[in-house]
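Protein chains in written order, with my numbering: chain A, -3 to 420; chain B, -3 to 420; chain C, -3 to 420; chain D, -3 to 420.
C-beta atoms are modelled at their ideal positions from N, C-alpha and C, and glycine is treated no differently.
All values reported here derive from a predicted model rather than from experimental measurement.
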């Protein structure tokens, strides 16, 4: 896999970033590439458990029309149903274990910088989809996955077992992982690898066992009250906005926990319709986090109680809707050692452990594999950055994509490679 | 009845004011006076419905000991049970209607001024019971009642029917009226009069139909949570103080009502035990008011919902305890006309209507009488004042007491008087 | 003036309602009609004080384009500048007083009912401008003004003095009146009449002296804080949403006032941008009201203090922007009597006084006239209604428009009419 | 020093515990003991900087009278001024370094258990001062200090340099340490030792370098508003209780900090005077904590801003009063090694580090010594406990007191011991 190919793919994706659950163009291009290579393709509708997809609000027809205008592959676009993402499967035909890789493909809501010195501007691949940007390197992850697909297919003759490449939609906000895990396609996987570019590590480095993945629940709360004329009969209303204000204030006051880090945020609040009307609805978007699942559960259970109580206090009704979820993740120990050795051979400087400090819904996939006896690991592929993740001048050293492909391919060869003797 | 007697009684009571439910000395002196005159005495324990006495927290033994030291009548003090107040009944032995009069006897929590120009200081009858003062003229009401008792007994030979004189405890905070009404002693009463000295009217004036008696509910709320060390495990507590703060804030925000005046106050809040302990209890004292019963009910039902909801939101339990209650009152129309005519004859300037603007639990007594077909009225006996009611320099023109006795006696004569012919 | 004409005008306006400050079509049609009749036209830009127009956010080009598509008069549309509304002046050429009339022309944000039994649906003149509706009878007011213009011009030969017809934009939200008053065109007016259709009075009735016009201030508050990643460094943000919640809660808790009715509402709150970002901005839309200006000032001054304090408590900055204002209004006594007599003659049942209970920025115009010694009155022209004002099935008995025109014309004749003798 | 002596002292102190700043009996007994031994005594008035004593509210005459009744040493009681605590100094007369030891002497507000199985009840030394208890082992610390005084004086002939024994008042609530440090008596000290019995370590263990001493600020907030009759003119008040509720709610919502553990508590709130009066004062008692000084400063600065802002929002004034303060502390490395070696020799099991997890104002004393180039350490002398610290059944294995005395004496000998040669 030449670096030039990886860069072409990455920049094409960077130029046309797609939001979570709207990655129709991206999905069609990956599907076309893997399909051409000979992979068996399973599309999103068959891959994700529909009842567990979170934070999904898509006008499918409009998004597909947009994707078509922006150069989606027309045949695949037609085949894609309502749900983005896909799996490509390579079956060597020889008995052996099943390996899996997971790449996330969606962009983030950041308006890309138009500063002259910003490399994507200079090189002409800055985002054309205003307000959205690949500021979290998922374009790089996707390119690595596409490159790995080529590489593995080229090695097919020397491999046994099966390989599954997962291209997951909606990682931002931790909205897609739980549904992908529950979909069942990982249930025969013996070992799963996932990676992220450039978190707290530079080019040429590999973090073997990143820690402190925050457990998180993303939620919306709706309060439904009764409107009334605020001048004529204020007593006749049930004030949803007042309930939301009190709920927000109370949530911010959830006590800290003895056992470690917790977080709460109400990031958005929208309520009311007219200046002189008692507001009959309010909607807030929030999230809890915890250093582990018990801590996050503590926070979210308090949120639920606060919402119930403040709704009661204001005589309004409510709904709480989970919009995303991430759990902790633990790299399988033997797999860590194996990958450290491979990285070493490849000339990468290995870092045993480093703080991740954010959330990742890969945890659901890893848990699914590990619970049935498989192994799983999540790596940080170091990369020099122009600016931090989610910053509007984010950019990364594209050369690391090649290392990524090579490391993953090397691992596949180590696990699935067959000797000449076996082949004959 | 000479004015000198009225003044003596009033000043004696003024000097030794007793708080609501603690009027043991006062009760004993009235009972002695009426008993000597020949009235049948019914004491508090037999007079008030025990389950409806509100805001009552009395160390009976200690208060009786105090009353004894302060010159209570020893025999009557012994006969008084736990509950203060009394009724004296005069039965003429001749068939006829039953009239009733109600006087309130308790003092208010005000520390009397020690200013030289304050008349009670000059004349040496300022309060000896520190922190308590007859700053609402109940000393005057009681003296009028005692004087009326003498006057009526003196007229007994010319009267038919029966007369009941009610000396009600615990009017301040509207704590005694509901229990007295429910006690049943008013159930055979054909007409009831009550009066207040000096509200918005001067010496020589009589307000026939005062209006805007505020309906009110006095309540305490207790929140019970769980203590925990605020440093070591803040998550382990349930914060009763936080619940009380949120409840208070929400109560202050109860919407105004289309139909008229409403009020809410949280007058006291006491919570917590140690600086470094999550507070496990909180207690707040509040009141609602409304221009009519529906408005006060609206306010108090919101309070109840808020307490329930905020307790739930904070994971604490709660109790709401009613500590006082006042309803609206309406003077019977025919009785108004009758009293206006009598007042006229007596040389008083009558004012048809004037705003009362506060609460009075005489409403319960009047409602009881009126519901069974009787008549009732509440009068304002005008008096020039040294300072407003509840002020620490409150004092009133004592001469009006004599007018009061005469007006009430004149009414009794008009209703119950018998002609020589009848007598012979 | 035939009723048929009035109905045609009213239904045309009803079909194409225009929001406050966007009444370009309406303004052009009125201007055309009055211009044809021979009135001197003064358009909005010359009529309203630009610094006092409140709650104005208009894309003038887009609105004019819309108005053109919807049949605005093209020549007048061109002459109208940025500001809607107009005055038409009739100068009789004979010395005499100056009379004025004020009509409001904007629609309200209500989506008209599509129920079959709703008369405007049946007759085909329901709103074509989705989300907006003449649900406050300003279409009727405007039609009356146009009919009056015809009538008065027809009478011109029998009149002395001058007549000014004001068609005011942006009465909804009380946004235009203050600027119109300050514009100065009323400064030579001796007497001003304004009216409203159907508030608490039925067809055939006229309320001579409606009362309880609420004083009101409409305001927006912006809080500006600092964004930060809610997971990584929550301490680095300044939470504008939290400030807005606390401000809202505190505003709802502004104490009731001894002197009478007050109101507070926060009708809308919009805050934050991303679920995982400490919100750096919040915007709330509110209003205060009071039974008189002092009460409204009390409320609004508390709002200002609360906003300042809560901003400080949360380390954010703020702006408060007035978006509308209404003051009380008092009908000149002599004018009341005069109008009652005229109404009587015309066969209308007069009601001396009735509660208005809402806000009206005609108060600014009346105050301007009265302060310089003129007279002013605001009448309620009774009308049977299909549903209350601002309801989506609002409709009124169109026949009352003719009575309205006749009453106003009769008053003009009474004040400005000249005898044959004078004319000859 | 026999264990019997230590136990006698400890149980005598346990039976008559004295609150912070009220340790008059305790101080007199220590002073008497050390004075008899030949120590130079410096009493509290000369030892503590008066402007930095925090959370001190003492009726000195009453407390001294109580202390006298409870067996204080009468001569010393007379000599003690207003301030408790003392220093005893032993000067060997030979040149050498100055060593210091610090013991805290006050009790904590806990009502001792009357359970039969509670050892102090069985043995008859449970607290006679109701509501107060030596539930934090300061009785043991004091006994160790008194025993050490005897031991050192017995060794005087073999020592050079000087020794200062500090008996600090008011450690609970971290109220006395800052004033003692600022008093200057430590300024010539070369090395300082302090210890605590039984925190997270059992009998026979010694923790060399306890960590995670929480920085903390204890504070009271007073809000001063304006009273008004809640029914008659609620608008005339400035509600201090409402301000306190909002301040409390906002404080609980101070954002968590990226850099580590923070805490906030409002442990008490007392506000208002009458149910029907707008509350004109409110007082709250709170504390902030942080894993280090920067974190605690972050918390406390937010508290200050919140109080200022909420006071402004409610139109009330405020005062913030610091009632206690603790900073972090770090054991000098060389001293750690030295003490570990000594403990080893003495047969104690040493634990290098263990979490302390609470606050200690010894930090101010240690900082004072270390800043001028001296060394300091704080040790945990392990002890088996009957119940946790501050629990009402707290009790500790008294035998550890002897180990404590021996370890401290051994250190003094190691540092100040002189050879026979030197002596001769």
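If you check each beta-carbon in the stretch 186 to 214 of chain D against every beta-carbon of chain B, the ones closer than 7 Å belong to 210, 214. Identification of chain A residues near residue 266(C) by a Cβ-Cβ cut-off of 9 Å yields 264, 265, 266, 267, 268, ordered along the chain.
By the Cβ rule, the stretch 300 to 316 of chain B does not count as touching the stretch 344 to 359 of chain B, because fewer than three pairs are nearer than 8 Å.
Here residue 47(C) is exposed. Its C-beta has fewer than 16 other C-beta atoms within 10 Å.
Taking every protein chain shown into account, the CB of residue 322(B) has 16 or more other CB atoms within 10 angstroms, so this residue is buried. Residue pairing by DSSP places residue 220(C) opposite 277(C), 313(C) in a beta bridge. The straight-line gap separating the alpha-carbon atoms of residue 287(C) and residue 256(C) is approximately 6 Å.
Rounded to whole angstroms, the separation of the alpha carbons of residue 183(B) and residue 364(B) is 7 Å. Judged by DSSP in its simplified three-state form, residue 402(B) adopts helix. Taking 7 Å as the CB threshold, residue 244(B) stays off the interface with chain A.
When 8 Å is used as the limit between beta carbons, residue 258(A) is near these residues of chain D: 252, in chain order. Proximity of chain A to residue 286(D) at the Cβ level (cut-off 7 Å) is not reached, the minimal Cβ distance being about 11 Å. For residue 275(C), no CB of chain D lies under 7 Å from its own CB, so it is not counted at the interface with that chain. For residue 124(A), the number of other beta carbons within 10 angstroms of its own is below 16, and it is reported as exposed.
Residue 88(D): not part of any alpha helix (DSSP H); DSSP gives it neither H nor E. By the CB criterion at 7 Å, residue 352(A) and residue 206(A) fall inside the cutoff.
Around the beta carbon of residue 415(A), fewer than 16 other beta carbons sit within 10 angstroms, so the residue counts as exposed. No Cβ-Cβ contact shorter than 7 Å links residue 246(D) with residue 160(D). The Cβ atoms of residue 282(B) and residue 215(B) lie closer than 7 Å to each other. At a Cβ-Cβ threshold of 7 Å, residue 391(A) and residue 379(A) do not count as neighbours. Per the coordinates, the alpha-carbon of residue 361(B) lies some 35 Å from the alpha-carbon of residue 305(B). Sequence-distant Cβ neighbours of residue 121(D) in its own chain, meaning closer than 7 Å and more than five residues away, are 7, 10, 11.
Every beta strand (DSSP E) of 3 residues or more that sits fully in the stretch 112 to 182 of chain D is shown, in chain order, as 158 to 164. DSSP, reduced to helix, strand and coil, places residue 350(B) outside both helices and strands of the structure shown, so it counts as coil.
With a threshold of 7 Å between beta carbons, residue 292(A) makes no contact with chain B.
Contact annotation: residue 44(B) and residue 79(B) have beta-carbon atoms nearer than 7 Å. Judged by DSSP in its simplified three-state form, residue 293(B) adopts helix. Two segments are said to touch when three or more pairs of C-beta atoms, one from each, lie closer than 8 Å; by this definition the stretch 370 to 389 of chain C touches the stretch 180 to 194 of chain C. Under DSSP, residue 320(A) shares a beta bridge with 214(A). The stretch 265 to 275 of chain B makes no contact with the stretch 248 to 255 of chain B; the number of CB pairs closer than 8 Å stays below 3. For residue 272(A), the closest Cβ of chain C is nearer than 7 Å. With distances taken between CA atoms, residue 108(B) lies nearest to 129(B) out of 35(B), 136(B), 3(B), 129(B). Measuring C-alpha to C-alpha distances from residue 38(B) to each of 143(B), 408(B), 244(B), 180(B) identifies 180(B) as the nearest. For the pair residue 155(D) and residue 258(D), the CB atoms are not nearer than the 7 Å cut-off. Listed as beta-bridge partners of residue 100(D) by DSSP are 164(D). Using a Cβ-Cβ cut-off of 7 Å, residue 248(C) counts as an interface residue toward chain B, since at least one Cβ of chain B sits closer than that to its own.
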